[in-house]
Amino acid sequence: MKKWIIGFCSLLLAAVLVVVGIGGYALWRTNGAIQKMQQPTKTIKKADRVETLTKDSKPIAILLLGTDTGALDRNYKGRTDSMMVAVINPQKQQTLLMSLQRDTPIYVNGQMVKLNAAYAYGSADSSIQQVEKLTGIKLNGYALINMGGLESIVNSLGGVSVTSNLTFTEFGHSFINGTTYNMQGDQLLAYVRERHFDLPNGDYGRQMRQQQVIKAILAKAVSNPTTIFNQRFFNTVSANVLTDMSFGGFKNLALNYRHALNNIQSDQMRGTGAMINGQSMQLMSQAEKDRVHNELENALQ
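All you need for my numbering is the position in the sequence shown, starting with 1, plus 3.
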């Protein structure tokens, strides 16, 4: 269930899109759920936050973090095994998802650690600072998602339709390349977690399947909004997400960024494997850092 980050955020954004158009009670219900998820940051200035930029329909960059823990609370200090930057641009009407490598080496207090350990050293602020340094762009918000609640979320949607891009068997579920399945929660998790049969893509192949499923979830939520308009959905999301984004920010996204969420492009930061001090790391060339920076900057223009 690790690395399953953007699916939760996509569902959350889709839920806001739906309830804004339904009416006052639904809007109030969503507001209450978002208030439960609030965990502000010190790193991002008010002028650069989501709620400020979205008032004028400006492009935004959100850091999406995923963890796999039994219970997510405001004191959580674990690792974030999934990390992704989402750039949402209403002018271009498109969204870019840039997956980051969790095994990228960084330095915290003079010590070399993996990128996914940044959260443990200073919560979201530390992760934001490290990702800004790695990518060279300014972030406007974050969302931390506990993957432990994903299965029930997918089941509440009645499953999602996905065409397998690989033939394999994982966790008791078999998939055939080119075959379309209506995947339930446990089947979907088996599909997105596979990386051993997908050679030579490995972990990068898993990221591609994750992004494939994310698009399927968002497509179903937007095309059939009644599937997410239920108390179980709101309760599960509010118990498994922490974010610095306010209700006003989410409402602005719902009103002004809808078309951008219908056009999602995917990319990955790719490194070279190396063993450093007994740890498996992914080293990023300067050329790759420059490429990712330029892709993100172009998406923000």
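Idealized CB from N, CA, C, for every residue including glycine.
Nearest to residue i by alpha carbon, out of the options?
i      : options                           : result
ASP339 : PHE237, ALA123 and PHE250         : Not covered by the structure: residue 339. The range shown for the chain is 4 to 304.
ILE267 : LEU56, THR98, THR55 and GLY69     : THR98
VAL134 : ALA64, PHE174 and GLU197          : ALA64
PRO62  : GLY69, GLN42, ARG52 and PRO93     : PRO93
ASN158 : LEU299, PHE236 and VAL53          : PHE236
ASP293 : SER60, ARG261, MET272 and THR57   : MET272
THR182 : LEU264, ASP247, LEU169 and PHE174 : LEU169
ALA219 : LEU245, THR239, TYR184 and THR246 : TYR184
ALA263 : GLN96, GLN42, ASP59 and THR55     : GLN96
ALA257 : ASN238, SER60, LYS49 and GLU291   : SER60
GLN42  : GLU298, SER167, ASN243 and LEU303 : ASN243
MET261 : GLY125, ALA50 and ALA222          : First, the residue type needs correcting, since residue 261 is Arg and not Met in the sequence shown. Among GLY125, ALA50 and ALA222, the Cα nearest to that of ARG261 is on ALA222.
GLN234 : LYS136, ILE148, ILE156 and GLU54  : ILE156
THR2   : ILE279, ALA290, LEU299 and PHE250 : Residue 2 cannot be examined here, being either before or after the span of the chain that is shown, 4 to 304.
LYS49  : ALA121, GLN304 and MET248         : MET248
Below 7 angstroms CB to CB, which residues in the same chain sit around residue i once its five sequence neighbours on both sides are set aside?
i      : result
MET186 : GLY162, VAL163, VAL165 and TYR194
SER241 : ALA36, LYS39 and MET40
GLU154 : GLY188, ASP189 and LEU192
ASN301 : none
ASN238 : none
GLY276 : SER283 and GLN285
At which residues does the alpha helix (DSSP H) containing residue i begin and terminate?
i      : result
THR55  : 53-56
ASN149 : Counting along the chain, ASN149 falls outside any alpha helix (DSSP H), though it belongs to the beta strand (DSSP E) covering 144-149.
LEU258 : 250-259
ILE47  : First-last for ILE47: undefined, no H or E at that position.
Between which two residues does the beta strand (DSSP E) containing residue i stretch?
i      : result
LYS117 : 114-117
ALA242 : No beta strand (DSSP E) contains ALA242, which is instead part of the alpha helix (DSSP H) from 234-242.
LEU286 : 282-286
PHE178 : 176-178
MET87  : 85-92
THR107 : Here THR107 belongs to no beta strand (DSSP E), and DSSP marks it neither H nor E.
MET278 : 275-279
Let me know the secondary structure DSSP gives residue i once reduced to three states.
i      : result
TYR194 : helix
ASP293 : helix
MET211 : helix
GLY24  : Any reading at GLY24 must be qualified, since the residue scores a pLDDT of 46, below 50, and its modelled position is unreliable; the value itself is stated next. DSSP places GLY24 in helix when its eight states are reduced to three.
ASP189 : helix
GLY69  : strand
GLN132 : helix
SER269 : strand
ASN168 : coil
THR182 : coil
LEU137 : helix
LEU100 : strand
VAL42  : It should be pointed out that residue 42 corresponds to Gln in this sequence rather than to Val. It is coil, neither helix nor strand.
Leaving out five residues on either side along the sequence, give the residues of the same chain with a beta carbon under 6 angstroms from the beta carbon of residue i.
i      : result
ALA127 : THR44 and TYR145
ILE25  : Confidence is the limiting factor: at ILE25 the pLDDT is only 44, short of 50, which leaves the residue's position unreliable, though a coordinate-based value still follows. So the list is empty, once near-sequence residues are dropped.
ASN119 : ARG82, THR83, ASP84 and ARG105
GLY274 : GLN104, GLN285, LEU286 and MET287
PRO108 : MET115 and MET284
ASN112 : none
ILE91  : ILE63, THR98, TYR260 and ALA263
VAL53  : ILE63, ASN143, GLY144, MET248 and GLY252
Determine, using beta carbons only, whether residue i comes closer than 7 angstroms to chain C.
i      : result
SER126 : Of the protein chains in the structure, only one exists, and it is not chain C.
Excluding sequence positions up to five away, which residues of its chain have a Cβ less than 8 angstroms from the Cβ of residue i?
i      : result
HIS296 : THR138, GLY139 and ILE140
ILE131 : THR44, THR46, ILE47, LEU66, LEU142 and TYR145
VAL216 : GLY10, VAL163, VAL165, MET186, LEU191, TYR194 and VAL195
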